[in-house]
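Chemist:
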Amino acid sequence: MSMLRLGVNIDHVATVRNARGGAYPDPVRAAKLAEEAGADGITAHLREDRRHIVDADIDALMEALSVPLNFEMAATDEMQAIALRHKPHAVCIVPEKREERTTEGGLDVVREERKLAAYIAPLREAGSRVSIFIGAEKPQIEAAARIGAEVIELHTGAYCDFHAEGRFEERDAELARLTDMATFAQSLGLEVHAGHGLTYDTVQPIAALREVMELNIGHFLIGESIFRGLDPAIREMRRLMEEARA
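Letter by letter, the sequence shown follows residues 8 to 253 in the numbering used here.
Next up, the structure:
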């Protein structure tokens, strides 16, 4: 049985810190606590507007972590330069708009195929694993394979939203689509990850997909940590993942 990894996204620890403009809470401390609680990796998204994670956080995370860093970023020259300087274990390319609250959908690889192929080549040459954050759509997965990505991360936001809104038929249809596209991506030689919006209530059907090798979960875990603490929140997510995988 293949192990299912958990990446913990610590962006929103930085969101809370930045609300007051001080030094606390420290996302690096949260990352170390996540390591101790069993996280297999840490995800951090350095946005163009620096609304949560800032450059100094990436510097500190690269210095402090003993688990891999998954560096989320838009496909801009500025972010490429930062990634090439740090050479994180993984780079996840995501779409980004200033006006959005959070990432609203997957990257349109089909439209940007030639640009993205050229963009990710230096990142791969520097030794970072390149992941592309996309919707569960066959043309996008095919394009991700063509440009040389090693990993795709399937966007689970619609599935989670349908569940939260009680639209269970649409949720189940989206889950079926995620299932089919995870299988398809694996058939092309891509490693499959998944994430966005996952909670205790929605994680198990995704964790049960044998093709999925990693889940990246952040906002829910940081929110849940207010009530139960970060360590217990992460351990409960890990327990649910392992239960589903078994």
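Even glycine gets a Cβ: it sits at the ideal position worked out from N, Cα and C.
1. Which residue marks the beginning of the beta strand (DSSP E) containing H93, and which one marks its end?
2. Please go through the segment 148-222 and give each complete beta strand (DSSP E) segment of 3 or more residues, from N-terminal end onward.
3. Could you tell me how far apart the beta carbons of V98 and A90 are, in whole angstroms, since I believe they sit closer than 8 Å?
4. Near A192, which residues of its chain fall below 6 Å by C-beta distance, leaving aside the five closest residues on each side in sequence?
5. Using the Cα positions of A124 and A51, report the straight-line distance between them to the nearest angstrom.
6. Given this structure, state the Cα-to-Cα distance separating M69 from E85, to the nearest angstrom.
7. Indicate whether G225 and L161 have their beta-carbon atoms separated by less than 9 Å.
8. If we count the other Cβ atoms within 10 Å of its Cβ and call it buried at 16 or more, is S194 buried or exposed?
9. Helix, strand or coil: how does DSSP classify A125 here?
10. Should the segment 15-29 be called in touch with the segment 46-64, which here means at least 3 C-beta pairs below 8 Å?
11. Mark K145 as exposed unless 16 or more other C-beta atoms lie within 10 angstroms of its C-beta, in which case mark it buried.
Modeler: Quick answer:
1. Unbroken run through H93 is the alpha helix (DSSP H), D84 to H93; no beta strand (DSSP E).
2. 158-162 and 198-202
3. 5 Å
4. I148, I159 and V199
5. 23 Å
6. 18 Å
7. no
8. exposed
9. helix
10. yes
11. exposed
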